[in-house]
Structure formats: C-alpha cells, structure tokens
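For the record, the sequence lines run as chains A and B. Following the working numbering, the numbering of the first sequence begins with 425 at its first residue and continues without gaps. Following the working numbering, the numbering of the second sequence begins with 6 at its first residue and continues without gaps. Quick reminder that beta carbons are idealized off the backbone N, C-alpha and C, glycines included. None of these values were measured; they are calculated from a predicted model.
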Amino acid sequence: MAKKRGSCDFILLLIVLMLLSIGLIMVFSASSVSDLAYQNDAYYTFKRQLSWSGIGLLAMVFMMNFDYHRLKKFSKPILVLSIILLVIVLFMPAKHNANRWIGLGSTSLGFQPSEIAKFSVILYMAASISDKKDKIRSFVYGVLPYALIGGLIFVLILIEPNLSVAGTVLIVVFLLLITAGSKKSHLTLLALLGIAAAAVFTLSEDYRYKRLTAFLDPWKDPLGDGYQAIQSLLALGSGGLMGAGLGKSRQKFFYIPEAQNDFIFSIIGEELGFFGTTGVIFLFILLTWRGVKTALNAPDMFGSLLAAGITSLIAVQTIINIAVATSSMPVTGIPLPFISYGGSSLTFTLAAVGVLLNISRYSKVDRD
Amino acid sequence: MRGVKNPNINLIIRKRLVILFGIIFFIMLALIGRLGWIQIVQSPYLQKLAVEQWTNDVKIDAKRGKILDRNGEELAISASCERVDLYMRDLLNAEKENKDIKKEMAAKLSAILGDSSDTILKKLNATLSNGKPMNSVTIKRRIDKSQADKIRELKLPGIVVSEDSKRYYPNGNFLANVLGFTNIDGAGQEGIELKYDKELKGTPGWVVMEADRYRREMPYNISDYKDPVNGNDIILSIDESIQLYVEKAVENALIENKAKSATAIVMDPKTGEILAMATKPDFDPNDPKKMDGYKDVQEMMKSWSNRAVTFTYEPGSVFKIVTATAALGENLVSDTDRFNCPGYKIVGGRRIKCWKTVGHGSQSFAEILQNSCNVGFMTLGEKIGKDTLYKYIDAFGFSKPTGIDVTFEEPGYKMPISKVGPVELANISFGQGITVTPIQMASAYATIANGGKMMEPHIVKEIQSTDKDGNIIESRKIQPKVIRQVVDENTANKLKGYLEGVITVGGGHQAYVDGYRIAGKTGTAQKAEGGRYVSGKYVTTFVGIAPVDDPQFVVYVSVDEPDPSKYYASMVVAPVAGQIFKDIFISRNVPPNNDTKSSIDIVLPNVIGMSEKDAINRLKVSGFSVEVDGTGSVVGNTNPIPGLSIKSGSKVILYMGNGQNYNNKVIVPNLKGLSEKEAKELLDSLGLKLNASGSGFIVKQNPDVGSSVQKGSSIGVVMEVVGD
Numbered sequence: 425m426a427k428k429r430g431s432c433d434f435i436l437l438l439i440v441l442m443l444l445s446i447g448l449i450m451v452f453s454a455s456s457v458s459d460l461a462y463q464n465d466a467y468y469t470f471k472r473q474l475s476w477s478g479i480g481l482l483a484m485v486f487m488m489n490f491d492y493h494r495l496k497k498f499s500k501p502i503l504v505l506s507i508i509l510l511v512i513v514l515f516m517p518a519k520h521n522a523n524r525w526i527g528l529g530s531t532s533l534g535f536q537p538s539e540i541a542k543f544s545v546i547l548y549m550a551a552s553i554s555d556k557k558d559k560i561r562s563f564v565y566g567v568l569p570y571a572l573i574g575g576l577i578f579v580l581i582l583i584e585p586n587l588s589v590a591g592t593v594l595i596v597v598f599l600l601l602i603t604a605g606s607k608k609s610h611l612t613l614l615a616l617l618g619i620a621a622a623a624v625f626t627l628s629e630d631y632r633y634k635r636l637t638a639f640l641d642p643w644k645d646p647l648g649d650g651y652q653a654i655q656s657l658l659a660l661g662s663g664g665l666m667g668a669g670l671g672k673s674r675q676k677f678f679y680i681p682e683a684q685n686d687f688i689f690s691i692i693g694e695e696l697g698f699f700g701t702t703g704v705i706f707l708f709i710l711l712t713w714r715g716v717k718t719a720l721n722a723p724d725m726f727g728s729l730l731a732a733g734i735t736s737l738i739a740v741q742t743i744i745n746i747a748v749a750t751s752s753m754p755v756t757g758i759p760l761p762f763i764s765y766g767g768s769s770l771t772f773t774l775a776a777v778g779v780l781l782n783i784s785r786y787s788k789v790d791r792d
Numbered sequence: 006m007r008g009v010k011n012p013n014i015n016l017i018i019r020k021r022l023v024i025l026f027g028i029i030f031f032i033m034l035a036l037i038g039r040l041g042w043i044q045i046v047q048s049p050y051l052q053k054l055a056v057e058q059w060t061n062d063v064k065i066d067a068k069r070g071k072i073l074d075r076n077g078e079e080l081a082i083s084a085s086c087e088r089v090d091l092y093m094r095d096l097l098n099a100e101k102e103n104k105d106i107k108k109e110m111a112a113k114l115s116a117i118l119g120d121s122s123d124t125i126l127k128k129l130n131a132t133l134s135n136g137k138p139m140n141s142v143t144i145k146r147r148i149d150k151s152q153a154d155k156i157r158e159l160k161l162p163g164i165v166v167s168e169d170s171k172r173y174y175p176n177g178n179f180l181a182n183v184l185g186f187t188n189i190d191g192a193g194q195e196g197i198e199l200k201y202d203k204e205l206k207g208t209p210g211w212v213v214m215e216a217d218r219y220r221r222e223m224p225y226n227i228s229d230y231k232d233p234v235n236g237n238d239i240i241l242s243i244d245e246s247i248q249l250y251v252e253k254a255v256e257n258a259l260i261e262n263k264a265k266s267a268t269a270i271v272m273d274p275k276t277g278e279i280l281a282m283a284t285k286p287d288f289d290p291n292d293p294k295k296m297d298g299y300k301d302v303q304e305m306m307k308s309w310s311n312r313a314v315t316f317t318y319e320p321g322s323v324f325k326i327v328t329a330t331a332a333l334g335e336n337l338v339s340d341t342d343r344f345n346c347p348g349y350k351i352v353g354g355r356r357i358k359c360w361k362t363v364g365h366g367s368q369s370f371a372e373i374l375q376n377s378c379n380v381g382f383m384t385l386g387e388k389i390g391k392d393t394l395y396k397y398i399d400a401f402g403f404s405k406p407t408g409i410d411v412t413f414e415e416p417g418y419k420m421p422i423s424k425v426g427p428v429e430l431a432n433i434s435f436g437q438g439i440t441v442t443p444i445q446m447a448s449a450y451a452t453i454a455n456g457g458k459m460m461e462p463h464i465v466k467e468i469q470s471t472d473k474d475g476n477i478i479e480s481r482k483i484q485p486k487v488i489r490q491v492v493d494e495n496t497a498n499k500l501k502g503y504l505e506g507v508i509t510v511g512g513g514h515q516a517y518v519d520g521y522r523i524a525g526k527t528g529t530a531q532k533a534e535g536g537r538y539v540s541g542k543y544v545t546t547f548v549g550i551a552p553v554d555d556p557q558f559v560v561y562v563s564v565d566e567p568d569p570s571k572y573y574a575s576m577v578v579a580p581v582a583g584q585i586f587k588d589i590f591i592s593r594n595v596p597p598n599n600d601t602k603s604s605i606d607i608v609l610p611n612v613i614g615m616s617e618k619d620a621i622n623r624l625k626v627s628g629f630s631v632e633v634d635g636t637g638s639v640v641g642n643t644n645p646i647p648g649l650s651i652k653s654g655s656k657v658i659l660y661m662g663n664g665q666n667y668n669n670k671v672i673v674p675n676l677k678g679l680s681e682k683e684a685k686e687l688l689d690s691l692g693l694k695l696n697a698s699g700s701g702f703i704v705k706q707n708p709d710v711g712s713s714v715q716k717g718s719s720i721g722v723v724m725e726v727v728g729d
C-alpha cells in the first residue's frame, strides 16, 4: 500500500510560508503599540510569535517527513488522550474566567487541549471511516459514533467555556461526514438537529440572543455588545482600497483590544486596504484548493479524509474569523490560521499542514 | 462500478470534496464581496466615523483685543490662561480598565488645582438630569500655565487642557460703565465689550490631534491646524487723564450731595469725540457680579448701566437753549425785547410759577438766560409756537438715540405734537414735560459750541488689527460724522455769547475758572414719579462750553437726587463742572486768556500789626513780592492799602513801625457772587466782619466796593439763590 514518496506540494508550502510571514509582520504591527504601553517592550509579542513560528515550522517539517499512514494507529490513543486533557483542563486554574489552558511550567506558557482535540477528532474520523468504507452510508455505524464523539468533545470544550472552538469542532465533524459520503438524509437530520439545538441555546437566555444578534446592528450598543464589531468595521473601512500603509493603523491604539489576536484581519484591512485583505483571502482560497487537491490525489481514503479534514479545519477557521471581522456573524474568538498571534494554535496548525504536505508527497498523479 | 445501490464510495468522496471546495470558495468570495462593501462602498462613511473617534478637535480661542484710551493707555486687556475639561466618554472607557480611576484622578487634580478632591470627584461623576453621564464637564477654568502643564503631563483619560482667556481691567472701576465687561467665555455683556464684541473677539483657531482610545496623543503628526485670528484692538476717544479728573469730580459730587447718582461727560464739540464719560456709583468690571453693598441682584445690575446714555429725565433749564436757539434762529427775539417776570405766567388759564416766585422783573433776552427765568422762556415759547419748537427739538436730535457707539442708549421721550397744548408748550419751553439723556444734552450744547453743526457723538476713535506678535496690520480710523446743521453759525455764536454771560454774571458763576472764557447753563428739575412731581427729588444739570472763542470742550455734569437741603444746580453741579474745566485746562495745557486775566487780581490781605516775618510769609503765600521800608517790630502800614485788588505778583511795600500809629483803613473788596464762607474768609484776611442775610450767593453789599472803612467794621451783605 505504501507508495514511493515524492516531493511535497511546493505551492502549498509556499502559500503557508507567505501566510506565516504576513502573520509575523502584522502581529508585530498590531501588537507593538500595546506592548510598548503594557510590557515596556514593543517586540514582546513579536518575539514570542517568532519563537512559536520556529517551533511550528519544526513540527511541520517533522510531520512532512513522517509517513501519515503511521498516524492511523495513533488515532485512537490520541483521541483518548485529548479527551482526558479536556477533562483535566477543567480543573486547571482559570484564566480570564475560563479553563482553557494547561500550563507548562511557567504560567505564561501553556497550551490549549482544545487545539489537540480539533486535530485528534479529524485523525480519528479519517482513520475510522477509512476502515469502515461503505458503512458510512449507515446511520448507526457511519454517522452516530462520530456524532457522539463530536458531541462529547463539543460539550467538553463548551463548558471550559469556549463556544467558538466547540462549534468549530462540530462543523469540522459535519464537513468530514459530508466528505466521507454520508447519506444526504442523515446529514440533513444532523444539520436540523444542530440548528434546533443552537436555536434553543440562543433563545433560552436573553443576553445570549442580544449578544448573538448584535452584529446585525452593532451601533445599537456601540460601547457594549457592538463595540468590537464597530471597531473592526472602522478599521476596515478607514483602510479603504489602499490602506493607511503598513504600520499606520490607528485602531491598534487600544480601540481594538489585543489587535494581534482575533481581530488581526481588521488591522490588515486598515493598513493594507482592500487589496491586502483580498490578497490574504486569495491565499486561503489557494491553500484550500491545494488542500482539496491533495485530498483528491491522496493514494487512499485515510489520506483523502485526513487531508480534507485538515483543509476544512483551516478553511472553517478562516471563514469564521473573517466573517467576524467583517461583522457578518456574531463576534466569537477564532484565530486567523497562520496569522493571528497564539502559540499552541499556530504550532498545531503548522503541524497539521505538515501532515497535509506529507500526504501530498504520496499523490497519485503528477503535480502540476 | 458496483451498481446503483452501492455506489463507489471513492467517487462520492471525490464528488463531495469538489462540492466542499466549491462551498468554501463561494463563501470566501462572498467575504471578499462583503469586504468590498465595507472597504470601498462604505469606506468614506466609516472613515469619517473613525476620524471622529481618533481626533480631538481642540479649539484655540482667539485672543480678545485690547481696549485702549486715545493715548494708548490700556483699559481692558486679555491675559491668557488655560482651562481643564473632561470628556466623559473617555473616562468611562478608562474606568472599565481601572475601577478606581476617578478617585485617583480626583486626587491628582486636587493636588494641582487646589480644589478639594470631593469637589472634583463630583464633577467626574456629573450626570444629566436623566441620570446618564454628561458628555463633557468643565473641571476648572482660568488656571495658570504651570498648573496646566502639570495636568498635561499626567495624560489623564478624557482630560483636555486648552487655552482660556481672562479679561482684565487694570484700573478697576475706572471707566467701568463705558467699558462694560465680558462673561466667563470672554463674550461682551455690556458697554464697549458688547457693542464691539465682533471686533474684539477675533476668530478662534483649532488643532486636530489624533488620540488613542484613552485620549492620549498618537505618535502621528497633527492632522490639521488653523491659527486663531486675534481680536482687534479698540482705541477709544477717551482721554485717560481727563477721565481720571472727571471720575474724581463726579465721585466727590456724589458723596458731598448724598446723591443717588452722578454723571459727567466731556465731549469734543468739533468731532463729537467723547473725552470722558463717568457715572457713579459704578462697579468693578473685573468682578461685576460682586454683591457687596447691593440690596439685590437688580440693584447690582443697575450699577452696570451707563447712565450717560440710559438715564432719561426732565432736564429743566438746561433745555432752555433749545427754546433760545429757536427764538434766535427764527429771528423772533432781539436785544431790545423786554420780558417781564412777576413770578408767574397764566397759560391756558393756569398759573405757572417761575422758580423765583417773587419774580425777576423786567429783563432782556440775555438776562432771562442769566436768571434762567421760566416766565421769560414761556413767553418765548408762546412766540415760537409748538411746530417751530418741535422742529428745533427734532433738529437737536431729542427723543431719538444720538447714535453714539455704546450699548442700550435710550431715546428719551417727547409727547406727540398733537397733544401739545399751551400748557405743555410752556412747560417744554423751560425744559419740563420732555425727557432727555445726558448724551443728548451734551450733544445739543456741543452743537452750539461747534457753530450750529451737530456732530455724532462717538467713543471709538480707531480699530486696529494686530498680528500674533502684536504688530499693527491694519488700522481703521473712525471719521467724525456730521449729523446736520441745526442752526446757522451766527445764531449759534450769538447764543454762545449769551451763555457766557450765564457764567460771568448768572447762575453758572460757580463753574467759572479764572482766566478762561466759559459758556454754560444750569438746570434744576423736579423729578416726576408716577405722573406727579415729587418734592425733595431733583436732578441738577450743568452743561458748559470752553473756551468760548474756540470751543474744545463741552462738559456735562448732572447729579441725580442731591440732598434736598441744597439742590440748586448752581450750587450742586456748577462747581463740579468748574473743577473739571480747571483740571482739563491744566492737563491739556490750555493757556489762560490774558484779556480776562484782570479777574485773577487778588485782594491784598491786611498784614498791618503783624511782625515783619509773619507779614512777609502771609504775603508770599498769596504770591506778592515784598519790600520792607524802615525799621520797627511790626508792620505799621502797607502800600497798596489792604482790601485793594491788585495783580498777583505785584510788589507790596511794608512800612515798619513800633506798633503805635499804624493805619487802620481798609478798602472794602468785591463780595458779590461769593458764598457766605468765601466772603467770611476774605473779610477775615482784612480784619473785617461779615453781617449776612439770606442764603445762596451774595448779590448786594454795603458799604460798596472800594469804600474805605475802619479795621473791625462790619460789612453787610444780602444773599440770594442765583439762577436754578
């Protein structure tokens, strides 16, 4: 079954390196002002992001050369491990009123088990579905186990609480089921169930409903629920077509808090304009295309599903992040892959891309 | 192919993968579309909002122009200082980060401003009536630069330090009712400050600075800046030194006469320029709302009023020049005409009294002016008729504002001509039944002084624009404006001559200044309240013109409600005007006229019987030069004889003797026109006694001037109230 290994998808690699570079530059631009004010060091965040990028790239290169087929046998242990970690994290000291982090030695360094969980679900499903093959068409064997596992992880992450990551996991599980070939009727049922649950969840609390619909008219409460959406729109809007110029953002002067994190896309829009934002989206489209291509050309179903899962995860996070920045959906904290500041997220994403690149090395057809 | 029922799962996966990519691609394209909407279509609007958020428009107040007197003396200046304001939104944002920020800020500001920390905290917590926080609050105004700089350094959220200015009147009450004052924002509220507010205030400039979320400056360049344009300087026609004398004189008049108020105007009749304008009681424009000495706010606010233009009253005899001008101008009177005054006149079946109830007897036109005989003027008025008299009243500009460039000028009142019957005509002829303002009265006399040509009174001489460094860029001089020729020059000069007689021999004698030719007229009018004349309430007025041969000054003085025990204008205001004239002549170096200098002859005091040393001292005090003849311990005789009027500086020879056979003869000096006190002093210096009867001023004396009498004799005098 093991084929001869070729070279990896260089276009994909190039896209990832470009996004990573854009991320480093923009993280520096977005964070230097508040770092200077709060950390007394304009390079505080930048230096950390640089280190994480290094670690991430090492992880990527390692995974690039690690035969993905060997991952299959780790899929169950990794899933169990991540579920255990998701339980452990609930007992860790809270940070910003949430139990999302497991400290590694010093409290400033740490990782989020939910990051591992995202990938472990993908790995598990790819491995499990590829073994079941046609049984995916059955509800009991093909849909229910994954819905339950996805639901378990969703709940564990939700009670941290981290609704946005939990939701991302569900979406990716759903997308993998689509890709894997589940019956349309089953998928529709799942989708309806999910929508109904979301609706009940949203409408059960008034404040939730308010918060979730704030993006429709953020100016209703400009200093409260609408604040972030407004500030993001002001950043994008004031950037216009050409942008204010690299480093010239005004919104990063505390108007957008922690601009290097989830709202970095707004700062890109402010400094680099419509051309900058469109450029970044095109890179993600290209990345998605290369990911899908890798999935299509993968030598086996496991490779296909794994590539599809990783690509979907990156695409979903990208879409959610940009949709939030453009006030197209309620504000949630999803980082922009490769670009937003964040250690564990970046490292795991790069490691996943390494897996993707590894799959591309086993492509059935010649790369174009 | 495994058949339809069990389709190739790999094919499904491939199909689904393409669909998945299609969905993702479509969503990302949609996001690009959304970005285009935000970044291209809505960009201008969002950018405007963003700029509003980033920028602080800081207004820079223009420096208010100065007010100067005609010689450039500063009367009102603006000192620059600063103010601290709070923009609440920024503080509320900052409070989200730091709950105790208000307390911390209040403590820091309190340490710099000196206000209690509680007071400041209250301002930081200020709310609108609906309980929501205010948009902005003024923390403190008019702080000095060092305080402002310290606050700037703190970079507190929402705190904006900007320029402020403080109006300062270096001379306090001086000219207050003319200058007016400004409110805390530097806007004129009264007087020149209000009338010329547009000129004085200038155009504010602004700076647009970029600020971060907590209103701290961003490291970008100032995005926009506009210099303020300083206000123009106003140069008044007021002469500070004359104003000073006038204020002193008016203040004294107010106090001495226990009066309600006193007002004076000095005007240049040739140009209409106001050289001085004073009202007492007044106020301190540096602190116009101080309640000290006032019963209530209304009374305090009344002190702001410039009574020279707001006080309307029945003028009484000073108004007689209008009747006189009409009579002369229409050739209705000649020097041969006689006017008989039995003390009253029957008009329209009513008996209207002259102020001198015993009557003035038969008088010429000049004499009815000198005596201010009401019967004489009623007779004239009858002759002139109401139409012609009204023509002259209008020509002099009564019952209309003069157009002087101060605020709140009153027009005065004259009854409609249709309602004027014989009684009303008679009253108006001697200045009752019509109301005027001081400035109208002064203008009327200025018209006579200026050969019948009426000039518009004005108080601003020049308006200067200055640049940032105070250099004059542009200067606009206000040109004198002729209103009209009220009467021909001959008539005016003739009347002026008659008015000179009022000073030299008539009721205005107390306004006389040795060596100068002054024309003028007094007036005492009973005040009407609620349509009835009130006893014990008078307004006394004097208006004078000097020098008669080339009039340069018109002096108007009025005292409202003087002590009723001595209320005649001749006694109340004529001396005040005399003092003002004297001060003006000195300060403006107007030389005395030698033709009239005979009158500065001095009565030689009696030094006979004194020791040589005492006698010499006494004579030197009076300005005589002394020559001593013979030896002896006491002065036995002098040449000339005591009591003779001789020129100041003349030589007096003292004949010394042993004190046995000295001269006892003294010459009786002229006492006419003197007050009892003055006559007593003069006779004392000669060793004579005074035996006075009546009150007022001396009109008769016995023995007559030049008689030789024994030292120690009594001189009998009769006194009368002269003129009104």
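Asked: Interface residues of chain A facing Glu215 (chain B) [CB-CB closer than 7 Å]; Found: Arg674
Asked: Alpha helix (DSSP H) runs wholly inside the stretch 616–697 of chain A, at least 4 long, in chain order; Found: 630–637 and 651–663
Asked: Chain B within 8 Å of Val777 (chain A), Cβ atoms only; Found: no
Asked: Helix, strand or coil at Asn669 (chain B) according to DSSP, with G and I counted as helix; Found: coil
Asked: Nearest residue (CA-CA) to Gly541 (chain B), options B:Lys203, B:Ile279 and B:Asn262; Found: B:Asn262
Asked: Cross-strand partners of Thr643 (chain B) (DSSP beta bridge); Found: B:Leu659
Asked: Cutoff 8 Å: Phe687 (chain A) Cβ touching any chain B Cβ; Found: no
Asked: Secondary structure of Thr132 (chain B), DSSP reduced to three states; Found: strand
Asked: Cβ neighbour criterion (16 or more within 10 Å) applied to Ile14 (chain B); Found: buried
Asked: Residue range of the unbroken alpha helix (DSSP H) whose run includes Thr328 (chain B); Found: Lys325 to Gly334
Asked: Straight-line gap, Ile550 (chain B) to Gly536 (chain B) (C-alpha atoms, nearest Å); Found: 33 Å
Asked: Residues near Val338 (chain B) in its chain [Cβ-Cβ closer than 7 Å; skip 5 each side]; Found: Ala332, Phe370 and Leu385
Asked: Residues in the stretch 31–48 of chain B having any Cβ partner in chain C nearer than 9 Å; Found: Chain labels in this structure do not include chain C; the protein chains are A and B.
Asked: Sequence ranges, alpha helix (DSSP H) only - wholly within the stretch 480–564 of chain A, length at least 4; Found: 499–513 and 537–556
Asked: Outcome for Val255 (chain B) when other beta-carbon atoms lying within 10 angstroms are tallied against a minimum of 16; Found: buried
Asked: Minimum Cβ-Cβ distance from Tyr174 (chain B) to chain A less than 8 Å; Found: no
Asked: Cβ-Cβ separation, Ser475 (chain A) to Leu444 (chain A) (assumed contact under 8 Å), whole Å; Found: So it is not a contact: roughly 13 Å between Cβ atoms.
Asked: Whether Pro645 (chain B) touches Val595 (chain B) by CB criterion (8 Å); Found: no
Asked: Inter-residue CB distance, Lys482 (chain B) and Glu461 (chain B) (contact presumed, cutoff 8 Å); Found: In fact, because the Cβ distance is near 15 Å, the residues do not count as touching under 8 Å.
Asked: Continuous alpha helix (DSSP H) stretch holding Asn495 (chain B): start and end; Found: Glu494 to Thr509
Asked: Short CB-CB distance (under 8 Å) between Met93 (chain B) and chain A; Found: no
Asked: Of the residues B:Thr124, B:Thr330 and B:Gly528, the one placed nearest Gly321 (chain B), counting alpha carbons only; Found: B:Gly528
Asked: Minimum C-alpha distance to Lys350 (chain B) - residue among B:Val487, B:Glu387, B:Phe403 and B:Met661; Found: B:Glu387
Asked: Three-way DSSP call (helix, strand, coil) for Glu261 (chain B) in this model; Found: helix
Asked: Counted within 10 angstroms of its Cβ, other Cβ atoms place Ser458 (chain A) as buried (16 or more) or exposed; Found: buried
Asked: Within 8 Å, strictly: CB atoms of Lys486 (chain B) and Gly277 (chain B); Found: yes
Asked: Rounded C-alpha distance that separates Leu241 (chain B) from Gly525 (chain B); Found: 26 Å
Asked: Chain-order list of residues whose beta-carbon lies under 8 Å from that of Ser604 (chain B) (same chain, five-residue window excluded); Found: The predicted model places Ser604 (chain B) with a pLDDT of 45, which falls under 50 and marks its position as unreliable, so this point remains unresolved.
Asked: At least 3 beta-carbon pairs within less than 8 Å: the stretch 36–46 of chain B vs the stretch 149–165 of chain B; Found: no
Asked: Cut-off 7 Å between Cβ atoms - residues of its own chain near Cys346 (chain B), not counting five sequence neighbours on either side; Found: Cys359, Gly364, His365, Gly366, Gln368, Cys378, Val380 and Gly381
Asked: Contact set between Leu443 (chain A) and chain B, taken where Cβ atoms lie within less than 7 Å; Found: What Leu443 (chain A) touches in chain B: nothing, since even the nearest Cβ is about 14 Å away.
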